[in-house]
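Heads up, the sequence shown is in the UniProt record's numbering, so the first residue is 1 and it goes up one at a time.
Report on the structure given below.
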Amino acid sequence: MAEQQQATSAALADNLKEFLQAFKDREGNYRYFDRINNMMASGAQSLVVDYIDFDSYNPDLAKQLTHKPDEMLGAFNEAALAILREIHHDYEQEIHDRIKVRIGNYTVQKGLRDINADLIDKLVSVSGMVVRSSEVKPLAKKVAYKCTNCNAVTEATLKGLVLKKPSKCIACGEKELDMDPENSIFIDFQMVRLQELPEDLPAGQLPHYVEVTVMGDLVDQCRPGDRIMLTGIIRIEQEQMAPQAKTSLFRLRMEGNNIEYLGGRAGSKDTRTVERIAISTEDERQIQTIGSKPDAYEKLVASFAPHIYGQEVIKESILLLIVGSVTKKLEDGSTRRGDINVLLVGDPGTAKSEMLKFAAKIAPRGLYTSGRGSTAAGLTAAVIRDKSGIMMLEAGAVVLGDQGLVCIDEFDKIKPEDRSALHEVMEQQTCSVAKGGIVATLNARTSILSAANPMYGKYDPYKNITENVNLPVPLLTRFDLIFIVRDIPEKDKDNLIASHILEIHKDVTHAAKPAIDIDLFSKYLTYAKRIEPGLTSEAIDIIRSYYMDMRKAESEGMITVTPRQLEGLVRLATARARLLLKDRVDADDAKRAIYLVDQMLKTAGVDVNTGKMDVGVLYGKPQSEVSKQKLFMEVFNGLSGPDNNEVEDKNLVAELVKTGRFTDEEARSQISKFNREGRIYERRPGFWAKA
């Protein structure tokens, strides 16, 4: 019986050897023979066989690959070794125990929800997102023990992951045996968790996942956040209910055979492709037609969340955020962020959450999460200990949304210590973790669209934005655009909004119909992300002159800006050119970017004390405040003189009121503020001195 089996596997290996030697591609090259020939030069230990090639060469054997994968892959390894033995005998000896034939382009694809008991010991291919990966450990394939008495080598028995040490030496019966690493064989081993892609997830369902074991050169091939197509064999293992208790309950896992990437990947040249949405030639023709029309821009904005009335400027900004700008890699290795971040602050009931949900739905890759209950680990990444005791790196929202969009609602409800984790993500576009001996930096090249409510329920127009929103200044400055959405009663506008909402309730099918069909709209945005427009000299001149005007801080009514805003303008202009499928950023794009920044400054950047625009408001220090503080110190220094004499309370208040910039009350609050900050102190009751 055993001889018969050996003969069958030998015949199978011969058939596969014939395929590897004889298969020619369209150009007439011996594809697999050449790959095996080059294995020694490249130090490769695996050979990828395209399933479509194999199926076209021998359809009967290709079917066997699905139902008898262990037998077939074992024979494939033998066949590859046999060819290697003839060409590079020494290298064949070196990798004899480690060679692997991997199956690429496998057509038997299943969803993670379809993996069940019927597929045990079958070869399948599943797509998903890596959410966890463990540290790399050595796994024993053969363990040898050496006798301390006669040096004879005894092999241990391996059953799955259970190792049984021999009780005594086979030669002399000695019970003391030491492990012999030289005669043992170990391979790299890693555990990975694969989860359903967010866009494949049915509404209201929990995402399914599968544990995958990867070995050899597949280790460290994928990191948390990568979207992969994994080909592997479904295995079962027994559940451990309690120590030593055997149970009839088992769980499924996958043994990885090959990993292929969906869309762009970290480290590849083509990092911004999102191939989840397939675009046919017909789609491309329709997209080009939409983009070439003169009213394309208005049509695109009108198609975004048509069920929400008005808010065109915000809709336009969100569209630019979805498309994004080009991430530039500089010669010195540093990168210039291309993703745009937008914050909406506003009164309740102004459809902020609706816009966030719609953006996450139509973006080629979008995630929606709420700030309430979100932790730093859930938003970025965490290191956890698995039940097997292995340390695992687990990805959070911004890592899973890499090269896409993450919508964070209730942004102000995140705890301050958790919110600080987003500082690095929003500017450096990476997410670093150092815990439990794992130090890792993951990619988080994501645009962040957030919505926050004002501190006191409704936005107070008599206070600046930093006093209205419970967000730290360093985080506010990382948003390219901040919009305040206020609910102000206006008769005509309210009438139109009411008609719009009631019309939707009356006729669901025809009301709020988008100008562009939603599927085509999503494809349009995916297509637009592929374009990389360059800046023209006219656009550069317009942006430069606007920036220089804004920098003239000394002229009244002007505002101070930082280079961060300049980069924001370039990003917005580039995103607009992308959205209109242009390969150059022209003057119109630059003017529109400036218009959007101006719109932001009219709402969020007005200093309520002076009624003038001032970017300092976003930095928590409006010009009016700074100049008042400067004036206070000048008056105080004048009264205290060069000898730093003490200044009487009522004299100081009187002098401050005399300047015409302070009321009696403001003067007293400024004194207590300077006292709190430790710049002046009360030497004796009613007398102040400089600290």
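All C-beta atoms in this analysis are idealised placements derived from N, C-alpha and C, irrespective of residue type, glycine included.
In terms of Cα proximity to leucine 343, the closest of Lys529, Pro202, Gln109 and Leu475 is Leu475.
A direct Cα-Cα distance of roughly 29 Å separates glycine 366 from proline 294. In this chain, the alpha helix (DSSP H) harbouring threonine 603 covers 587-603. Aspartate 412 places its beta carbon less than 8 Å from that of leucine 471.
Judged by their CB atoms, glycine 128 and valine 49 are not nearer to each other than the 8 Å cut-off. Judged by DSSP in its simplified three-state form, proline 533 adopts coil rather than helix or strand. Within the same chain, and ignoring the five residues on either side of isoleucine 438 in sequence, the residues whose Cβ sits closer than 8 Å to its Cβ are Glu135, Val383, Met391 and Leu393.
Taking one beta carbon from each stretch, the segment 161-177 and the segment 418-427 have fewer than 3 pairs nearer than 8 Å; the two do not touch. Contact between lysine 582 and proline 533 is confirmed by a C-beta separation of about 6 Å, below the 8 Å threshold. Taken through DSSP and simplified to helix, strand or coil, lysine 246 comes out as coil.
Closest by C-alpha distance to arginine 132, out of Gln93, Leu194 and Glu71, is Leu194.
One Cα belongs to aspartate 541, the other to lysine 328, and the distance between them is close to 20 Å. Annotated three-state conformation of threonine 350 is coil, per DSSP.
Taking a cut-off of 8 Å for Cβ pairs, the segment 305-320 and the segment 593-603 touch, as three or more such pairs fall below it. Membership of asparagine 495 in the alpha helix (DSSP H) is indicated by the continuous run 491-506. Around the CB of tyrosine 51, 16 or more other CB atoms lie within 10 Å, so the residue is classed as buried. Taking C-alpha positions only, alanine 62 is separated from leucine 580 by approximately 46 Å. In the displayed model, leucine 580 falls within coil according to three-state DSSP, outside both helix and strand. Given a length threshold of 3 residues, each whole run of the beta strand (DSSP E) inside the segment 137-169 is given here in chain order: 137-142, 144-147, 153-155, 157-159 and 162-164. Here glycine 366 is bridged, per DSSP, to Leu405. For the segment 386-464, the continuous beta strand (DSSP E) assignments of 3+ residues that do not extend past its boundaries occur at 391-395, 405-409, 430-435, 438-443 and 447-452, in sequence order.
In summary, glutamate 196 is buried, with 16 or more beta-carbon neighbours lying within 10 Å of its beta-carbon over all protein chains present. With a beta-carbon spacing of about 14 Å, arginine 35 and leucine 16 fall beyond the 8 Å limit used to define contacts. In this model, glycine 641 and alanine 654 are separated by some 17 Å (Cα to Cα). In the DSSP annotation of this structure, the continuous segment of the beta strand (DSSP E) that includes aspartate 178 starts and ends at 177-179.
Burial is judged here by how many other beta carbons sit within 10 angstroms of a residue's own beta carbon; glycine 404 has at least 16 and is buried.
With a threshold of 16 other beta carbon atoms within 10 Å, alanine 528 meets it and is buried. The alpha-carbon separation between arginine 26 and aspartate 121 amounts to approximately 34 Å.
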